[in-house]
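Protein chains in written order, with the numbering used here: chain A, 116 to 366; chain B, 116 to 366.
Structure follows, in structure tokens:
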């Protein structure tokens, strides 16, 4: 028996998210299906992060056990032969038989991408949030710093969350901007690393920082939101297509 | 009567190219339709560059004449209300009544994007050419310089071309690379500006430069191809989805 850890990149546009559900395409179901087609066995992969519908992955992680005599690093190539073109396994390695992708100390990194532009860029419609206003980047940067560190992020998670504790540590939260390829447009990129994120937490942080960028909220308002521990206090949830799970580091 | 010049961005993935054809979706037909829905008149837009199926635009140009009493700069907003989300008018200005987008001195700029990576990145499948090998960027840069200047590009155009003269001037042709967001991967970007391009010329140049990057051809081979004035001499035509018409400058 060998436990294989896959790193998975996917375009979330066509999926109802990572987690298997009846009658909807999911990344997990596509991986299960590819494993079956390679091995002939109905093996279920276990994912690290159950990204939402429309959210993308560059480095999500999944593990499964197999008795097949395929070298671990060949699994990536074998699975890609059967995966649809919007999912790609970008590495496969053997891990210890007790390795569990969710029960480990991890550093997860997400990127949220905003196109700030009067007009949309069609090529980016599934990979960014189009915001018409020019955003105040330095105000967003100051507000972002408020959220760095260990905090109770109850105000920044979906009320539907089932997490027992809402305390998480944000290691870094950076806001940067680069010119976008049409006149007057820019990309604003929010990059966040932490030991874990509550349901919708990154999208609520992105939505809140955009309100700051629009001048509707201040860094001090964000501090008050954090203290309130009440979901009604934080900003809107940014749409899913701007979000990418960049990677997960096991520490 | 007012002549309006539109700058148009589009995701070419879902289109059989720019130019109208029966029973296939085209960018031109979508624009004609949007003009009709705004004005109630069947006015035909005239495009500057008839990009192929799957090729993208950030700054293609189209003009049309109208008697409607809408300020020129409002047309962009009015048309976007009726355009599908994979087409966006990013500017509309009034031009002289004798302005023709194809019969003018222009500088056209295209970008061809390659993902050099063992594994594909699904999010980029419609916006880049996935090449598994690592490419020799400096060899590509040297070979690119051979093509800069006024030359007969007969070897670098599709045999189906109807152009009378195959002489064109390439003002600049730059090859650069930046890291791509998965381990070991990089983007190779070919950016070319010229006074006009023959049918498939940019894609044949991109295909040829990739052969150079793979070590299959040298800068000297490219020089011989150019001299040969024979399409059979140049490299393969790179696939359409890596190509974007970045912009057209009227000089």
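Backbone N, C-alpha and C define an ideal beta-carbon position, used for all residues, glycine too.
Beta-carbon proximity of residue i to residue j, cut-off 8 angstroms
i, j, result
"residue 228 (chain A)", "residue 302 (chain A)", "yes"
"residue 211 (chain A)", "residue 327 (chain A)", "no"
"residue 116 (chain B)", "residue 187 (chain B)", "no"
"residue 202 (chain B)", "residue 296 (chain A)", "no"
"residue 308 (chain A)", "residue 359 (chain A)", "no"
"residue 282 (chain A)", "residue 267 (chain A)", "yes"
"residue 355 (chain B)", "residue 169 (chain B)", "yes"
"residue 322 (chain B)", "residue 350 (chain B)", "yes"
"residue 126 (chain A)", "residue 158 (chain A)", "no"
"residue 123 (chain B)", "residue 172 (chain B)", "yes"
"residue 216 (chain B)", "residue 176 (chain B)", "yes"
"residue 220 (chain B)", "residue 361 (chain B)", "no"
"residue 167 (chain A)", "residue 132 (chain A)", "yes"
"residue 357 (chain B)", "residue 243 (chain B)", "yes"
"residue 304 (chain B)", "residue 256 (chain B)", "no"
"residue 199 (chain B)", "residue 144 (chain B)", "no"
"residue 165 (chain A)", "residue 226 (chain A)", "no"
"residue 250 (chain B)", "residue 189 (chain B)", "no"
"residue 209 (chain B)", "residue 119 (chain B)", "yes"
Simplified DSSP assignment, three categories, for residue i
i, result
"residue 120 (chain A)", "strand"
"residue 195 (chain A)", "helix"
"residue 89 (chain A)", "Only positions 116 to 366 of chain A appear in this structure, which leaves residue 89 (chain A) out of reach."
"residue 336 (chain A)", "helix"
"residue 165 (chain A)", "coil"
"residue 157 (chain A)", "coil"
"residue 209 (chain B)", "strand"
"residue 82 (chain B)", "Past the edges of chain B, shown from 116 to 366, lies residue 82 (chain B), and the structure says nothing about it."
"residue 133 (chain A)", "coil"
"residue 313 (chain B)", "coil"
"residue 189 (chain B)", "helix"
"residue 328 (chain A)", "helix"
"residue 271 (chain A)", "helix"
"residue 318 (chain B)", "helix"
"residue 237 (chain A)", "helix"
Terminal residues of the beta strand (DSSP E) in which residue i lies
i, result
"residue 252 (chain A)", "Premise fails: residue 252 (chain A) lies in the alpha helix (DSSP H), 252-262, not in any beta strand (DSSP E)."
"residue 185 (chain B)", "Element bounds for residue 185 (chain B): n/a, residue is neither H nor E."
"residue 228 (chain A)", "221-231"
"residue 352 (chain B)", "Segment: none, residue 352 (chain B) is in no beta strand (DSSP E) and carries neither H nor E."
"residue 170 (chain A)", "Residue 170 (chain A) -> no beta strand (DSSP E), and no H or E assigned at all."
Supposed close pair residue i, residue j - CB separation, criterion 8 angstroms
i, j, result
"residue 343 (chain B)", "residue 270 (chain B)", "5 angstroms"
"residue 272 (chain B)", "residue 313 (chain B)", "3 angstroms"
"residue 191 (chain B)", "residue 178 (chain B)", "Not quite, the Cβ-Cβ distance comes to about 14 angstroms (not below 8 angstroms), so this is no contact."
"residue 261 (chain B)", "residue 337 (chain B)", "5 angstroms"
"residue 259 (chain B)", "residue 230 (chain B)", "Actually they do not touch by this definition, with Cβ atoms about 19 angstroms apart."
"residue 149 (chain B)", "residue 197 (chain B)", "4 angstroms"
"residue 292 (chain B)", "residue 320 (chain B)", "With a Cβ gap of about 17 angstroms, residue 292 (chain B) and residue 320 (chain B) do not count as contacting."
"residue 346 (chain A)", "residue 274 (chain A)", "5 angstroms"
"residue 153 (chain B)", "residue 194 (chain B)", "6 angstroms"
Enclosing alpha helix (DSSP H) for residue i [first to last residue]
i, result
"residue 143 (chain A)", "142-154"
Residues bridged to residue i [DSSP beta-bridge criterion]
i, result
"residue 202 (chain B)", "B:125"
"residue 344 (chain B)", "According to DSSP, which records beta bridges pairwise, residue 344 (chain B) is partnered with nothing at all."
"residue 323 (chain B)", "Answer is none; residue 323 (chain B) lacks a bridge partner."
"residue 358 (chain A)", "A:227"
"residue 285 (chain A)", "A:264, A:309"
"residue 293 (chain A)", "A:302"
"residue 246 (chain A)", "A:231"
"residue 363 (chain A)", "A:223"
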